[in-house]
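In structure tokens form, the structure reads like this:
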């Protein structure tokens, strides 16, 4: 894929505008949204702006029951075009997360992600600058050279208050874990609640130097 020029308006426009621009640029079939279902905002924006857009859930084998509930709820109410991507058949539930977190993420997240991006022209994610220091400079649109795909973060500029307001205005269900002190939700073995005032991603891979699963760097 050749590099493209992104319009400056993407940085200041609304998330739905970014999705509609992408659909015009790459076609609905050329887009894929990867959603963690930590909340409902990205999925709602994508499904309402571009009906029929493919939403991918990476089932790591260790998703919280509450996350699976939200997946079912949104699939039903938004009529999602949902695709669940599993690890390769050779990958079975085990204790790798206890001894090699990087390796666990590689086979349960990174490899399935790469498969989900095959034949796609643009990848839509829920990365936000407010997520933490490692994402503070995330652009709305960029080119992922390693994966040879356009990467779009339509919610990049959204603050936590923006997310809450959007969810309230559209009466979106919340992941029940958020009310129990989980502002960032991944796999159950490697996610814990955070204390008041603690970095929101402080509950991910707690006790290690790891801050990202490998999907975004």
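Numbering (the working numbering), first residue to last: 193 to 409.
Note that the Cβ used here is the ideal one computed from N, Cα and C, for glycine as well.
As the structure is a prediction and not an experimental result, all values here were calculated from the model.
- In the three-state scheme derived from DSSP, where H, G and I count as helix and E and B as strand, residue 209 is classed as helix.
- For the options 320, 321 and 306, the alpha carbon positioned closest to that of residue 314 is the one of 306.
- Secondary structure of residue 315 (DSSP, three-state): strand.
- Residue pairing by DSSP places residue 224 opposite 246 and 315 in a beta bridge.
- From the listed residues 376, 298, 297 and 232, the smallest Cα separation to residue 359 is found for 232.
- Take the alpha-carbon of residue 215 and the one of residue 309: they are about 16 Å apart.
- Residue range 273-277 is occupied by the beta strand (DSSP E) that includes residue 275, with no alpha helix (DSSP H) assigned at that position.
- Leaving aside the five residues that flank residue 367 on each side, the residues in its chain whose CB is nearer than 7 Å to its CB run, in chain order, 229, 230, 231, 258, 259, 262 and 377.
- In this chain, the alpha helix (DSSP H) harbouring residue 308 covers 303-308.
- For residue 276, the closest alpha carbon among the candidates 294, 246 and 293 is that of 246.
- Only exposed fits residue 292, as fewer than 16 other CB atoms lie within 10 angstroms of its CB.
- Residue environment for residue 318: buried (at least 16 other C-beta atoms within 10 angstroms of its C-beta).
- For the options 296, 267 and 298, the alpha carbon positioned closest to that of residue 227 is the one of 267.
- Of the other Cβ atoms in all chains shown, fewer than 16 fall within 10 Å of the Cβ of residue 362; this residue is therefore exposed.
- In terms of CA proximity to residue 331, 344 leads the group 356, 338, 344 and 269.
- Counting every other CB atom within 10 Å of its CB across the protein chains shown gives residue 207 a total of 16 or more, marking it as buried.
- Residue 337 and residue 312 do not touch by the CB rule: their CB atoms are close to 16 Å apart, not below 8 Å.
- Nearest in C-alpha terms to residue 280, of all of 269, 265 and 300, is 300.
- Exclusion of the five residues before and after residue 289 leaves 254, 296, 379, 381 and 382 as the residues of its chain whose Cβ lies within less than 8 Å of its Cβ.
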